[in-house]
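Single-structure report; data block below.
Structure (structure tokens):
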């Protein structure tokens, strides 16, 4: 399933606007803060899909009946661009478990590249709700590889993938290569094109560089 | 209009649960943080009601067409319990204008009290969207007085009132005494009862004391 | 005693630079964040003056002997410009008690003004360490009035006054009108002049307006 | 050079106390927040060692002469425990460049282990001030390997290493294996012992697990 949160008007689109604008991007603190704020809204929207169970809050004056999330949540981010999103998701799911994946583009002499995974720090994810975060879903290749790498740590109850800006092509590739029954793709916006170097157009440029500088 | 955000299952109710629980309340940093997180969700939900206008984001790679909030927003908080909510709303409406109102309970010898306003710091609010925040809507008396005091600074385009926990009585009093056509009341939960001292039951106790200590 | 933290080179002066610069001030979120960051550094420096007592931390692997602050701390801010500083102090003294004072300038027909206090929310401060925060110490008149108003709530063990930018005249007025033995004045910088309207020159303009908009 | 910031009484030791206490550690949000707050204080202390240059702040009312940091700063963290510290350093050095290193313990059949590096994301660091952060300096082996890996990206002007808790042995190993002339080791506390599994005693346990859960 695909849910495009930015399709409806909300303050979310102000934050997406700011991370897109070349001028506002110059303030890397605001750029990172916007990735966090966007992720807080994604976390809230995704939280609506969790399973809930009855609980009682013992207040100083009585007992309130409530419904609380019952699922174990694992937040998984793809380094390094995913880190500010990871922080934002943790702001709202503060008791979640966490996974970190590092990937890189291994370039061939002809300029083409393959996504390589180097590092995976991840708890057992069996029967948990997995949320994989990466600001850009460009070709979709790293997301699919990340998903497959994570599946070696167990079979999650359900997987949510959160990306702020996706390309049409990346959405198609992801939906084609991942099991649709147990996955929802949460997006801020879908852009039409991609450059030969797999940058989304209009997109925002390189999210990792904008958050953390060149490398 | 009344909108009860906590009626649908979401992570919001985890935060409301935590501010209600006598045990978890002992951590005043977490208490304040929860008021902030709750307010960020309220801010997001309220933002959906704003008016939007077309804008263009000039990215490093192209132009993205978007819709951004067009309304001027004024956040008004009732001191001191409203301050952590104010911070949360500002986290999402970071360019908003701001108003602060201080009120106190003036007790008579017989133990009854009247809400008195002392201080109002407020910009002109004419044609702006006003958001008045106070964590508890108990009797509703201070909210109605705050609203009336704010109206001396202009006629807002629309007013949103955000309270996390309300009493039934407080909701009725507020809806009866304020112009329903231009107001939406946003609540986390409605509790059934109120003590003789106007504390909501089960409620959470005194939000100001829990955030900032006794006075 | 007067301690000018900004006299020694540190990242503090980067934050003070940013709140001074007319260009950077346009970003009110960064302006507020800078007041917070500055206040965190002030809080750390002031914490060195507290009294400490021995404590034992029971870790999962043993016991660590440590020294922890033993004083009760009350943070008092002058509204509304003091609020972002208040937030910054609470970030570091997260278990402190809190006081809020609202003051305003009551103008006479001839354009002169008197500082009037309207609202004081304050716990008993007897034998506690009181920290009064206000970003600007211009004439010093409101600080002296705030101090005197707070003294009606008990006799603190010691009082720290924290202002980011002070005028020479304000420092002199404050030191002359407050009991030096039990007070330290913590400043970021002292500027030479003041306008007829009591704005510090070069200063930064109106801290309240820059943080929260006009009123 | 070795600088033990926790040697002098300050609020820093309250934060270190909280990350050590087995009881308080159960709140992983507070644990991460304490790593951030500790890192903000480290960042402030380290900032005093930077080089400064004269700058002019153009305020709305005049010009203020100030001294600002002139060095380019690169923050490098060792995953995953270093991430909350990385966030804290970025809170104060918000314009810094950033590096991330992932390491893991490769166990032999006999239970011994070697630190292996997998991933390095790093800008050129020549002539910049490098700050390497990792909450625990246990054996010192991963810090020395991280340092050596980073040196392949250029020769920094100076290197600061920030660890909250170190073992005596780790400090000795680090000082012996790194060039003392161009390095300062910043510590919160030095503990006496280490377990066979290289956990510091009394220490605090596994910082990565406490911040992010098991893996």
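Protein chains in written order, with this note's numbering: chain A, 4 to 218; chain B, 4 to 218; chain C, 4 to 218; chain D, 4 to 218.
Heads up, the beta-carbon is just placed ideally off N, CA and C, and yes, glycines get one too.
Closer than 8 angstroms to the CB of residue 170 (chain D) there is not a single CB belonging to chain C. Under a 10 Å Cβ-count criterion, residue 66 (chain A) is classified as exposed, with fewer than 16 other Cβ atoms of the shown protein chains found around its own Cβ.
The beta carbon of residue 40 (chain C) sits no closer than 8 angstroms to any beta carbon of chain B. Flagged as an interface residue toward chain B: residue 66 (chain A), by a C-beta distance shorter than 8 angstroms. Taking every protein chain shown into account, the CB of residue 182 (chain D) has fewer than 16 other CB atoms within 10 angstroms, so this residue is exposed. Scanning chain D for C-beta atoms nearer than 7 angstroms to the C-beta of residue 43 (chain C) yields 43, reported in chain order. At the C-beta level, residue 99 (chain C) and residue 136 (chain C) stay beyond 8 angstroms of one another. Taking C-beta atoms as the reference points, residue 41 (chain A) and residue 15 (chain A) count as a pair closer than 8 angstroms.
Sequence-distant Cβ neighbours of residue 48 (chain D) in its own chain, meaning closer than 8 angstroms and more than five residues away, are 6, 8, 189.
Taking all protein chains in view, the Cβ of residue 192 (chain A) is crowded by 16 or more other Cβ atoms within 10 Å, so the residue is classified as buried. The DSSP assignment places complete beta strand (DSSP E) segments of no fewer than 3 residues inside the region 29 to 65 of chain A at 55 to 62, in order along the chain. Counting along the chain, the unbroken beta strand (DSSP E) around residue 124 (chain C) starts and ends at 116 to 124. Contacts between residue 134 (chain B) and chain A, judged by CB atoms closer than 7 angstroms, are missing: the closest CB pair is about 12 angstroms apart.
Nearest neighbour of residue 129 (chain D) by Cα position, chosen from D:107, D:115, D:160, D:112, turns out to be D:160. Taking 8 angstroms as the threshold, the shortest C-beta distance from residue 137 (chain B) to chain C does not fall below it. The beta-carbon of residue 163 (chain D) is placed no less than 8 angstroms from the nearest beta-carbon of chain A. The alpha carbon of residue 120 (chain B) has as its nearest neighbour, out of B:103, B:176, B:194, the alpha carbon of B:103. Where residue 212 (chain B) is concerned, the enclosing alpha helix (DSSP H) starts and stops at 210 to 215. Boundaries for residue 202 (chain A): no beta strand (DSSP E) harbours it, and the DSSP string shows neither H nor E there. Residue pairing from DSSP places residue 187 (chain A) in a beta bridge opposite A:163. Apart from sequence neighbours up to five positions away, the residues of its chain that approach residue 123 (chain D) with a beta-carbon distance below 6 angstroms are 104, 152, ordered along the chain. Under the three-state reduction of DSSP, residue 146 (chain D) is assigned to helix. When DSSP states are grouped into helix, strand and coil, residue 71 (chain B) belongs to the strand group. DSSP lists C:170 as the bridge partner or partners of residue 194 (chain C).
Residue 37 (chain D) is outside the set of residues whose beta carbon lies under 8 angstroms from a beta carbon in chain A.
With fewer than 16 other Cβ atoms inside 10 Å of its own Cβ, residue 54 (chain C) counts as exposed.
Non-local C-beta neighbours of residue 37 (chain C) in its own chain, meaning closer than 7 angstroms and more than five positions away in sequence, comprise 18, 21, 22, ordered along the chain. Counting along the chain, residue 82 (chain D) sits inside the beta strand (DSSP E) bounded by residues 76 to 82. Under DSSP, residue 102 (chain D) shares a beta bridge with D:79.
Shown here, residue 179 (chain A) sits in a helix according to DSSP, grouped into three states.
Secondary structure note for residue 128 (chain D): it is in no beta strand (DSSP E), with a DSSP letter that is neither H nor E. Interface flag for residue 32 (chain D) against chain A is set, since a Cβ pair is found closer than 8 angstroms. In the structure shown, residue 88 (chain B) falls within a helical segment according to DSSP collapsed to helix, strand and coil.
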